[in-house]
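In this note's numbering, the protein residues as written are 156 to 558. Using N, Cα and C, we set each Cβ at its ideal position, and we do this for glycine too. Structure, as structure tokens:
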Amino acid sequence: MPTEMVRGHGLRNYLLITIAYWAFTLTDGALRMLVVLYFHQLGYTPLAIASLFLFYELFGIVTNLFGGWLGARLGLNLTLHTGLGLQICALLMLTVDPSLLSLAYVMAAQALSGIAKDLNKMSAKAGVKLMAPEEDGALFRWVAVLTGSKNALKGLGFFLGGLLLALFGFQGALFVLAGMLSLVLLVTLPLLPRGLGISRKKAQFTQLLSRSPAINRLSAARLFLFGSRDAWFVVALPVFLAAEQGWGHASVGSLLALWVIGYGIVQALAPRLVRDSATHTPMGARNGALTLALSCSGIALMLGIETPYTTSLLIAGLALFGLIFALNSALHSYLILAYSDHDGVAINVGFYYMANATGRLCGTLLSGWGYQSYGLEGCLWIASAMLISAAFISRGLPPPQQV
156 MPTEMVRGHG LRNYLLITIA YWAFTLTDGA LRMLVVLYFH QLGYTPLAIA
206 SLFLFYELFG IVTNLFGGWL GARLGLNLTL HTGLGLQICA LLMLTVDPSL
256 LSLAYVMAAQ ALSGIAKDLN KMSAKAGVKL MAPEEDGALF RWVAVLTGSK
306 NALKGLGFFL GGLLLALFGF QGALFVLAGM LSLVLLVTLP LLPRGLGISR
356 KKAQFTQLLS RSPAINRLSA ARLFLFGSRD AWFVVALPVF LAAEQGWGHA
406 SVGSLLALWV IGYGIVQALA PRLVRDSATH TPMGARNGAL TLALSCSGIA
456 LMLGIETPYT TSLLIAGLAL FGLIFALNSA LHSYLILAYS DHDGVAINVG
506 FYYMANATGR LCGTLLSGWG YQSYGLEGCL WIASAMLISA AFISRGLPPP
556 QQV
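Have a look at this one:
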């Protein structure tokens with residue numbers, strides 16, 4: 156479909172994609188919380204519960220690599236709604252008799268959910284490039300709102316999962332989520348342009364790996380940025396709060412949910428909070444990574460000092476980290492679209508989010524190993540090293556106008 160026609164219905168299409176993305180994100184956060192709480196009730200060990208999500212991340216890497224190529228050939232409408240359909244299947248897979256919910260079976264359902272998530276995310280982010288007005292700053296605002304609202308809703312999904320589990324039980328909650336997502340699928344499928352995002356030049360399989368130095372550098376910085384977050388946030392922090400600070404599961408889950416919601420709100424407000432012009436955003440990405448490295452180092456040093464205010468200082472440090480991380484992530488999300496032309500946006504976004512998923516997987520593994528070997532302090536120093544690497548890589552990012 157011609158770019159001019161897509162832009163002519165840009166706001167309508169943007170709202171449709173946003174609704175689909177919001178609905179998926181709610182079910183994604185709710186499903187994660189349902190799985191964690193339900194299998195904890197069944198007596199699964201923390202390591203076994205963590206392993207349930209291994210394929211979720213691993214298949215996300217593969218999906219991002221191939222998803223952009225599929226979007227460029229088949230259209231973002233198809234890949235977006237394929238993601239919704241696969242998530243519905245993943246939800247329904249888990250509604251079988253509890254005796255059939257083996258570790259391997261649940262991992263397979265999570266793998267399907269991971270594929271669904273990254274198809275949906277790649278399609279939504281790439282679609283914004285095609286729909287945003289060409290006026291100065293519009294692309295940054297549109298992608299910031301989409302990304303920020305998504306993260307806020309993921310935090311809300313954590314609450315939703317716990318609530319549905321309490322009200323309807325595990326199977327009932329899954330049916331509610333699958334029904335909600337099916338309704339959104341039926342509404343948005345016929346309304347989005349079928350040819351959205353199809354490359355005018357036939358996308359070649361050899362294009363899967365980016366040939367753009369700017370996109371390769373940004374993707375490498377993204378890998379280290381998200382690896383640094385998960386190196387201390389995903390496993391080490393909740394285990395530290397529960398095992399060493401005596402927090403209950405509900406308190407730990409609420410803190411993580413509130414952090415994700417706050418993180419999303421800051422991302423959505425990023426264009427107002429970041430006053431630099433688009434020309435200076437690469438410098439902002441570098442400076443943000445350095446500031447995050449300093450914050451992680453400061454928290455690690457603080458944990459080494461005996462004080463009755465350890466928990467309060469840790470939460471304050473977590474809030475500061477979330478604020479800066481959200482702004483830096485929003486700049487990255489803008490730059491990948493600014494660096495991409497309309498024909499290559501789906502492939503470039505897929506490649507970029509493959510790096511993002513790789514960083515999350517590495518960070519999760521480092522979080523478990525680092526906490527077991529060196530405690531939360533060790534995980535924070537690992538995160539600091541990864542952030543310094545992200546800052547060094549970001550030094551070579553060019554202004555979008557020079558790509």
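Check                                                                                                            : Outcome
Simplified DSSP state of Pro426, which is helix, strand or coil                                                  : helix
Short CB-CB distance (under 9 Å) between Ala259 and chain C                                                      : Here chain C cannot be found, since the structure has a single protein chain.
Proximity below 9 Å, CB of Asn511 to CB of Leu294                                                                : no
Classification of Pro463 by the beta-carbon crowding that lies within 10 angstroms, buried from 16 upward        : exposed
Rounded separation between Ala266 and Tyr169 - CA only                                                           : 28 Å
Runs of alpha helix (DSSP H) lying entirely within the stretch 196-264, each at least 4 residues, in chain order : 201-206, 209-229 and 231-248
6 Å CB neighbourhood of Thr513 in its chain, flanking five on each side removed                                  : Ile216 and Leu378
Coil, strand or helix - Arg296 by DSSP                                                                           : helix
Pairwise C-alpha distance: Ile460 and Leu341                                                                     : 56 Å
Rounded straight-line distance, which links the Cα of Trp524 to that of Thr472                                   : With the sequence shown as reference, residue 472 is identified as Gly, and Thr is not the correct amino acid for it. One C-alpha to the other measures close to 22 Å.
The stretch 525-540 touching the stretch 313-330, judged by at least three CB pairs closer than 8 Å              : no
Thr218 versus Met262: straight-line alpha-carbon distance, rounded                                               : 16 Å
Short Cβ contact (9 Å threshold) for Ala299 with Tyr489                                                          : yes
Segment contact flag, the stretch 403-417 with the stretch 538-556, C-beta cutoff 8 Å, min 3 pairs               : no
Identity of the residue in Ile370, Gly324, Phe395 and Leu445 nearest Ile470 by Cα                                : Phe395
Inter-stretch contact at 8 Å, needing at least 3 Cβ pairs: the stretch 437-451 / the stretch 480-494             : yes
Extent of the continuous alpha helix (DSSP H) to which Ser111 belongs                                            : Because the chain is modelled from 156 through 558, residue 111 falls outside the range shown and cannot be assessed.
Test item: CB-CB of Tyr193 and Phe325 under 9 Å                                                                  : yes
Backbone secondary structure at Thr567 - three-state DSSP                                                        : Limits of the chain in this structure are 156 at one end and 558 at the other, which puts residue 567 out of reach.
C-beta contact flag for Gly269 and Leu231 at 9 Å                                                                 : no
Cβ separation of Leu344 and Leu552, assumed to be a contact under 8 Å, to the nearest whole Å                    : Between Leu552 and Leu344 the Cβ distance is about 37 Å, and since that is not below 8 Å, they are no contact.
For Val394, the first and last residue of its enclosing alpha helix (DSSP H)                                     : Ala391 to Ala398
Glu212, buried or exposed, once every other Cβ within 10 Å from all chains shown has been counted against 16     : buried
C-beta atoms of Leu181 and Leu346 nearer than 9 Å                                                                : no
Local Cβ density within 10 Å of Ala440, reported as buried at 16 or more and exposed below that                  : buried
Pairwise C-alpha distance: Met457 and Ala245                                                                     : 43 Å
Alpha-carbon spacing of Arg167 relative to Glu399, whole angstroms                                               : 50 Å
Cutoff 6 Å; reference Gly238; Cβ partners in own chain excluding five residues on either side                    : Ala271, Leu274 and Asn275
Through-space distance from Ala279 to Gly505, alpha-carbon basis                                                 : 11 Å
Alpha-carbon to alpha-carbon, Arg550 and Ile543                                                                  : 11 Å
Alpha helix (DSSP H) segment containing Pro368, residue limits                                                   : Pro368 to Phe388
Straight-line Cα distance separating Leu411 from Tyr176                                                          : 21 Å
Selected residue, minimal CA-CA separation from Gly518, among Gly419, Trp297 and Val390                          : Val390
Local conformation of Ser544 per DSSP, three classes                                                             : helix
Alpha helix (DSSP H) segments (min. 4 residues) lying fully within the stretch 471-525                           : none
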